[in-house]
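J.: Residue numbers (full-length UniProt numbering), protein chains in the order written: chain A, 1 to 359; chain B, 1 to 359. Glycine included, each C-beta is placed from N, C-alpha and C at the ideal position.
Protein chains: 2
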Amino acid sequence: MTVTLADVAARARVSAATVSRVLNGNYPVAAATRERVLRAVRELDYVVNGPASSLAAATSDLVGVLVNDIADPFFGIVAGAVGGAIGAGAPGRGGGKLAVVCNTGGSPEGELTYLTLLQRQRAAAVVLTGGALEDPEHTAALAAKLARLTEAGTRVVLCGRPPLPGVRAAVVAFDNRGGARRLTEHLLGLGHRRIGYAAGPPGRTTTRHRLEGHRAALAAAGAHAGRDGEADRLTVYGAYDRRAGHAAACELLRREPGLTAIAAANDTVALGVRVALRERGLRVPEDVSVTGFDDLPCALDAVPALTTVRLPLAEAGALAGRLALAAPGAGESGESGPGAAPPVGAELVVRASTGRPGA
Amino acid sequence: MTVTLADVAARARVSAATVSRVLNGNYPVAAATRERVLRAVRELDYVVNGPASSLAAATSDLVGVLVNDIADPFFGIVAGAVGGAIGAGAPGRGGGKLAVVCNTGGSPEGELTYLTLLQRQRAAAVVLTGGALEDPEHTAALAAKLARLTEAGTRVVLCGRPPLPGVRAAVVAFDNRGGARRLTEHLLGLGHRRIGYAAGPPGRTTTRHRLEGHRAALAAAGAHAGRDGEADRLTVYGAYDRRAGHAAACELLRREPGLTAIAAANDTVALGVRVALRERGLRVPEDVSVTGFDDLPCALDAVPALTTVRLPLAEAGALAGRLALAAPGAGESGESGPGAAPPVGAELVVRASTGRPGA
DNA sequence: TTGAAAGCGATACCAT
DNA sequence: ATGGTATCGCTTTCAA
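#1: With a floor of 4 residues, list each alpha helix (DSSP H) that falls wholly inside the UniProt domain "HTH lacI-type" (3–57) of chain A, ordered by position along the chain.
#2: In whole angstroms, what is the alpha-carbon distance linking residue 182 (chain B) and residue 212 (chain B)?
#3: What separation, rounded to the nearest whole angstrom, lies between the Cα atoms of residue 127 (chain B) and residue 65 (chain B)?
#4: Can you find a CB in chain A that lies within less than 9 Å of the CB of residue 193 (chain B)?
#5: Taking only the alpha-carbon atoms, compute the straight-line gap between residue 180 (chain A) and residue 199 (chain A) and give it to the nearest angstrom.
#6: Please state the DSSP three-state secondary structure of residue 155 (chain B).
#7: Which residues in chain A have a C-beta closer than 9 Å to the C-beta of residue 83 (chain B)? List them in chain order.
#8: Are there 16 or more other CB atoms within 10 angstroms of the CB of residue 165 (chain A), so buried, or fewer, so exposed?
#9: Quick one: using the 10 Å Cβ neighbour count with 16 as the cut-off for buried, is residue 46 (chain B) buried or exposed?
#10: Suppose contacts are defined by Cβ-Cβ distances below 9 Å. Is residue 98 (chain B) in contact with residue 102 (chain A) by that definition?
#11: Apply the 10 Å Cβ neighbour rule to residue 69 (chain B) and answer buried if 16 or more other Cβ atoms are within range, or exposed otherwise.
#12: Are the C-beta atoms of residue 154 (chain B) and some chain A residue less than 9 Å apart?
#13: What residue from A:80, A:313, A:23 and A:218 has the CA that sits closest to residue 100 (chain A)'s CA?
#14: Please determine, among B:229, B:260, B:206 and B:202, the residue with the shortest C-alpha to C-alpha distance to residue 238 (chain B).
#15: With 9 Å set as the bound, which would you pick, yes or no: does the beta-carbon of residue 361 (chain B) sit closer than that to a beta-carbon of chain A?
#16: In chain A, what lies closer than 7 Å to residue 48 (chain B) by C-beta?
#17: Any idea which residues DSSP pairs residue 240 (chain A) with across the strands?
#18: Report yes if the CB atom of residue 321 (chain B) is closer than 9 Å to the CB atom of residue 50 (chain B), and no otherwise.
#19: Let me see if you follow: with CB-CB separation under 9 Å, is residue 368 (chain A) close to chain B or not?
#20: Which residue's Cα is closest to the Cα of residue 176 (chain B): B:274, B:148, B:131 and B:3?
#21: If we count Cβ pairs, one from each stretch, closer than 8 Å, do we get three or more for the segment 53–62 of chain A versus the segment 70–78 of chain A?
#22: Roughly how many angstroms separate the alpha carbons of residue 172 (chain A) and residue 33 (chain B), rounded to a whole number?
#23: What would DSSP say about residue 299 (chain B), mapped onto helix, strand or coil?
#24: Can a CB atom of chain A be found closer than 9 Å to the CB of residue 51 (chain B)?
#25: When we look at the beta-carbon of residue 194 (chain A) and count the other beta-carbons within 10 Å, is it buried (16 or more) or exposed?
#26: To test your reading of the DSSP string, which unbroken alpha helix (DSSP H) runs of 4 or more residues are found completely within the segment 80–137 of chain B?
#27: Once the 5 residues before and after residue 244 (chain B) are set aside, which same chain residues still bring their CB inside 7 Å of it?
#28: Which residues does DSSP pair with residue 139 (chain B) in a beta bridge?
#29: Does any residue of chain A have a CB that is nearer than 9 Å to the CB of residue 254 (chain B)?
#30: Indicate whether at least one CB of chain A lies closer than 9 Å to the CB of residue 139 (chain B).
#31: Quick one: grab the DSSP three-state call for residue 235 (chain A).
#32: Run through DSSP, which three-state label would residue 166 (chain B) get?
#33: On the three-state DSSP scale, how would you describe residue 342 (chain A)?
#34: If we ignore side chains and look at the alpha-carbon of each, how far apart do residue 139 (chain B) and residue 315 (chain B) end up?
#35: Taking the beta carbon of residue 107 (chain A) as the centre, do at least 16 other beta carbons fall within 10 Å, making it buried, or is it exposed?
#36: Please return the same chain residues whose Cβ sits closer than 6 Å to the Cβ of residue 209 (chain A), not counting the five positions on each side in sequence.
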């Protein structure tokens, strides 16, 4: 029925071993022989049997990419970049791999389940993207699972989340604290003093780090500083989605109608905040930008103050992809060998303000 | 080193065959025996070797999802829904499959390359999403490739693109013509008469169908009808991204400054149009919505006229996922067997108008 | 209900 | 440079 290596070998009048060598290009093969084999492959329309190959070689060319929410362009861009970096046209050896994008929905079980699925597939590498849960129990389970994976030869890349103790992994770090801090400093610089904060879901590294950055900026400026718990009162947690951003803005304005600005923990949340502000007839600044907008010159020009905070997200993803390809053992926990850029500077953080500084 | 079926069998004091039966649940096994096996699996922390299993069974539990642009939330939502429908918690038999999201970038080669990669993996199914290229040569190549896949037992699902002659595939159809037509009718209803159109890339099914719908509405209303080529003059083609939307709006306004509205071929393009309008100080209507906004009540309320055009995108994706799981041979080319909903009604189409009806 | 054994298709070591 | 072949881990008849 389906064409196998043996069929090709027969047609090319060589052994199966030779065909394998030609196809993998790992061993020297006479040019004439190679030609004969390649022609047979073409004529028979032969396609390698991946499973068989993976079984024999004890490794597959699958690379798992775990994302918290594939519907969020943030992860879409990262996943796309990883896929591009490891895919067909990938530079050097190790290319031609297939990205398996797994949507965990941010749930701990989802994360573990998909890792098991990938482990089962003997994935060449797994890339965990986005903030991690800070629950000790889950962290332990995750670390254990990842340890097993690395033992089995699977490379682990952490992109946008902190290193895991005891896990040999390459990591692409985002400066969540610094980014959030600069964001709030920007608002303070505009004259805002009563600033609300639409935070991410509790218990996530990104949520905590960004909130810390936000508060550091407030503290440095002496804002909210007097009354205890004032910062808490002006902070509302929620999922990283529009609906939550909308709800957060409503709640924040209910608690403190005198708010002049609201900082959001990420782009998607900012979109929700925007909608809430518009509903109330509040002015929404044009400089609310969205992940991915950076390919639009006009959008960039509109937010000069934030330009430096911007992260070429796609490049971070590509870097993660390259790290996934790198030979195991190369520069773990930090960056890696050839062609690897230093850890990326800052996470993209965008805010929506009510645009009434001093009001 | 790594635990195998044989290890589990030994520990449970049964044969490998029995372990396999327990794990796959296809054959009857004594309850006591099953327990013993499952305990051994747990104790040894055994994980099936996917490649070996796929090799023996001649099929894998991978489902390929081809998307034109993973960074576009439209595809993110669809891909996520497919993944959810076939994944861990999938109903009935056939669940527990792994979605492999492949970003073709809308290129014909990418499409073919990924299909080969999936063919090599012996994918259980492939889901092609989004508009298709109308190039006869590529269509033929694609049809041939898909034919080979189905022959090998891979199910093919077309989601958002027309059926392919000679290819046994399930299809989830979007009413691109109808959606676009209603969109333009909406604008006409608001009093607009000089309407620009930011179309998608030339040569795509979605581009053509939506444009046809748009023009049908214009023709029915007698708008643009008099002068020949007027509709062409007010149409600008471009990629399905913001940058192109921005460029299209600029060009349209250059050609006809008297424009009172611009209809965009999709959400992402509409966002770009929006930016261009804002740059010019033109009023941007609040009812410009974005794919995925439908989970935000306020957004829905803002666009009553479009509510009926809205497609629960995630549901279309889930449907496609279910079709991917269905037994081969079940109701091809149209819809399918158990639990399958009828083809979805309408594609989500959003527009941006300059908000100056009659101006 | 369970076991034994023959593949599945490619890889890589050992010869030649 | 090329061929023979054991091996990878699981599935699936065929018997018992």
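T.: To lay it out plainly:
#1: Runs of the alpha helix (DSSP H) inside the UniProt domain "HTH lacI-type" (3–57) of chain A: 5–12, 16–24, 31–44 and 50–57.
#2: Rounded to whole angstroms, the gap between the alpha carbons of residue 182 (chain B) and residue 212 (chain B) is 12 Å.
#3: Each residue's alpha carbon lies about 5 Å from the other.
#4: Not one chain A Cβ lies under 9 Å of residue 193 (chain B).
#5: Counting only the Cα atoms, residue 199 (chain A) lies some 11 Å from residue 180 (chain A).
#6: Assigned with DSSP and collapsed to three states, residue 155 (chain B) falls in strand.
#7: By Cβ distance, chain A contributes 70, 101, 102 and 103.
#8: Label assigned to residue 165 (chain A): exposed.
#9: That one is buried.
#10: Yes.
#11: Using a 10 angstroms sphere on the CB of residue 69 (chain B), the tally of other CB atoms reaches 16 or more, which defines it as buried.
#12: At a cut-off of 9 Å, the C-beta of residue 154 (chain B) has no neighbouring C-beta in chain A.
#13: Residue A:80 is the option with its Cα nearest to residue 100 (chain A).
#14: Each of B:229, B:260, B:206 and B:202 was checked against the Cα of residue 238 (chain B), and the nearest Cα belongs to B:202.
#15: The question about residue 361 (chain B) has no answer here: the residues shown for chain B are numbered 1 through 359.
#16: Ordered by position in chain A, the residues that pass the 7 Å Cβ test against residue 48 (chain B) are 120.
#17: Under the DSSP definition of a beta bridge, residue 240 (chain A) lacks any partner.
#18: Residue 321 (chain B) is not a Cβ neighbour of residue 50 (chain B), given a cutoff of 9 Å.
#19: Because chain A is modelled from 1 through 359, residue 368 (chain A) falls outside the range shown and cannot be assessed.
#20: Ranking the options by Cα distance to residue 176 (chain B), first place goes to B:131.
#21: No: the two stretches stay apart, fewer than three of their Cβ pairs being nearer than 8 Å.
#22: Across the structure, residue 172 (chain A) and residue 33 (chain B) are spaced so that their CA atoms are roughly 47 Å apart.
#23: Below a pLDDT of 50, predicted positions are generally treated as unreliable, and residue 299 (chain B), at 28, falls in that range; the measurement from the model is reported next regardless. Here residue 299 (chain B) sits in helix by DSSP.
#24: Answer yes: the Cβ-Cβ gap between residue 51 (chain B) and chain A drops below 9 Å somewhere.
#25: With 16 or more other Cβ atoms within 10 Å, it is buried.
#26: The segment 80–137 of chain B contains these whole alpha helix (DSSP H) runs: 108–120.
#27: Counting only Cβ-Cβ distances below 7 Å, and skipping sequence neighbours, we find 238, 269 and 272.
#28: Residue 139 (chain B) pairs with nothing; no bridge assigned.
#29: Residue 254 (chain B) does not count as touching chain A.
#30: No, no contact with chain A.
#31: If DSSP states are grouped into helix, strand and coil, residue 235 (chain A) belongs with the strands.
#32: DSSP places residue 166 (chain B) in coil when its eight states are reduced to three.
#33: With a pLDDT of only 30 at residue 342 (chain A), under 50, the local geometry of the prediction cannot be trusted, and no value is derived from it.
#34: CA-CA distance, residue 139 (chain B) to residue 315 (chain B), rounds to 27 Å.
#35: With fewer than 16 other Cβ atoms inside 10 Å of its own Cβ, residue 107 (chain A) counts as exposed.
#36: Close CB contacts of residue 209 (chain A) within its chain, under the 6 Å cut and outside five residues either way in sequence, are with 176 and 177 (chain order).
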